[in-house]
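**Student:** Using the UniProt record's numbering, read the sequence shown as starting at 1 and increasing by one per residue. By construction, the Cβ of each residue, glycine as well, lies at the ideal position given by its N, Cα and C atoms. For clarity, every value in this text was computed on a predicted model and none was experimentally measured.
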Amino acid sequence: MTITLYAWGTPNGRKVSVALEEMELPYTVVPVNIGQGEQFQPEFLRISPNNKIPAIVDPHGPATGANASPPGGSGTPISVFESGAILLYLGEKTGKFLPASLRERVPVLEWLMWQMGGFGPMPGQVHHFAALEAEADRRYGLKRFSDETHRLYGVLDRRLAQVEFVAGELSVADFAILGWAWRHERHKVDLASYPNVRRWYETLFARPGVQRGFAVNLNGI
Numbered sequence: 001m002t003i004t005l006y007a008w009g010t011p012n013g014r015k016v017s018v019a020l021e022e023m024e025l026p027y028t029v030v031p032v033n034i035g036q037g038e039q040f041q042p043e044f045l046r047i048s049p050n051n052k053i054p055a056i057v058d059p060h061g062p063a064t065g066a067n068a069s070p071p072g073g074s075g076t077p078i079s080v081f082e083s084g085a086i087l088l089y090l091g092e093k094t095g096k097f098l099p100a101s102l103r104e105r106v107p108v109l110e111w112l113m114w115q116m117g118g119f120g121p122m123p124g125q126v127h128h129f130a131a132l133e134a135e136a137d138r139r140y141g142l143k144r145f146s147d148e149t150h151r152l153y154g155v156l157d158r159r160l161a162q163v164e165f166v167a168g169e170l171s172v173a174d175f176a177i178l179g180w181a182w183r184h185e186r187h188k189v190d191l192a193s194y195p196n197v198r199r200w201y202e203t204l205f206a207r208p209g210v211q212r213g214f215a216v217n218l219n220g221i
């Protein structure tokens, strides 16, 4: 039995498909068409009460150690919603891309929370205001959130001037941030202005697991 990923082809959906591929976990995709309101269906709300994608159902549940039966889990199914929680769950389950020691884990948690709290909500507002047709409606919001988005790219660029990946070693925090950096063109951001981000971005996209995670069909079309 494989993990079921409920998703759509958005940055948050891609975070999880990349992580699943990088962790070499078998999974199947159930598209949730957010444009048609499928996220409000009762069967989806049972696993994602905030009516947001992505969510997963792991039929094996979390691992309970080397002697777990079946391998890789306790045998008790579990569902997880919120992309950051999913990444942490998968990292814990597999022992991959999430350090065991608290000292090494702290920067992973810091940069994952940075993405969840800022580098996602702010670019998402750029998407919203850029799509508005009325110039009067667009102008204020687009400038406000564009400025903050550029500030966040600058924070990321300064961090990546010091380390190869955001937490030092490759981690779930990189997968989370990459899901949104993937949309940099929609953010009206030229990565040439952020050379360290561009280096990091190109390094990640050279990885086969990342390529598979972005290639997988999340929209069922």
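1. Cα separation between V106 and G168?
2. Output needed for W180: all residues of its chain with C-beta closer than 6 Å, excluding positions within five of it in sequence on either side, in chain order.
3. Quick one, which of P26, V18, L25 and E38 has its alpha-carbon nearest G220's?
4. Since A7 is in the beta strand (DSSP E), which residue starts that stretch and which ends it?
5. Within the same chain, show all residues whose beta-carbon is closer than 7 Å to that of D174, passing over the 5 residues directly before and after it, in chain order.
6. Going by alpha carbons, who is nearest to E110 out of R159, W182 and S79?
7. For P26, count the other beta carbons within 10 Å of its own beta carbon; 16 or more makes it buried, fewer makes it exposed. Which is it?
8. According to the neighbour-count rule (16 or more other Cβ atoms, all chains shown, within 10 Å of its Cβ), is D58 buried or exposed?
9. Just reading off the alpha helix (DSSP H) that I177 is part of, what are its end residues?
10. Let's see if you can read the secondary structure: which residues bound the alpha helix (DSSP H) around N53?
11. Taking the C-alpha atoms as reference points, what is the distance between V216 and S17?
12. Go through its chain and collect everything with a Cβ distance to M1's Cβ below 8 Å, but skip five positions before and after it.
13. Looking only at DSSP bridge pairs, what is E169 linked to?
14. CA-CA distance, R139 and V210?
15. For E104 and E24, I'd like the C-alpha separation in whole angstroms.
16. May I have the straight-line CA-CA distance separating L45 from N51, to the nearest angstrom?
17. For V197, which of G154, L90, D147 and L218 has the nearest alpha-carbon?
18. If you count every other CB in all the chains shown that lies within 10 Å of the CB of T149, and 16 or more means buried, which is it?
19. Could you pull the start and end residues of the beta strand (DSSP E) that I86 belongs to?
20. Using CA atoms only, rank isn't needed, just tell me which of A134, H128 and E133 is closest to R144.
21. Under the DSSP definition of a beta bridge, which residues are partnered with residue 253?
22. Buried or exposed: A136, going by 16 or more other Cβ atoms within 10 Å of its Cβ?
**Tutor:** Looking at the coordinates:
1. 11 Å
2. P11, F119, G120 and P123
3. E38
4. I3 to A7
5. F165, V166 and L204
6. R159
7. exposed
8. buried
9. V172 to A181
10. Checking the sequence shown, residue 53 turns out to be Ile, not Asn. Run containing I53: none; DSSP gives neither H nor E here.
11. 7 Å
12. P59 and H60
13. A167
14. 35 Å
15. 23 Å
16. 6 Å
17. G154
18. buried
19. First-last for I86: S83 to T94, but that is the alpha helix (DSSP H), not the beta strand (DSSP E).
20. H128
21. Here the chain comprises residues numbered 1 to 221, so residue 253 is not present and cannot be evaluated.
22. exposed
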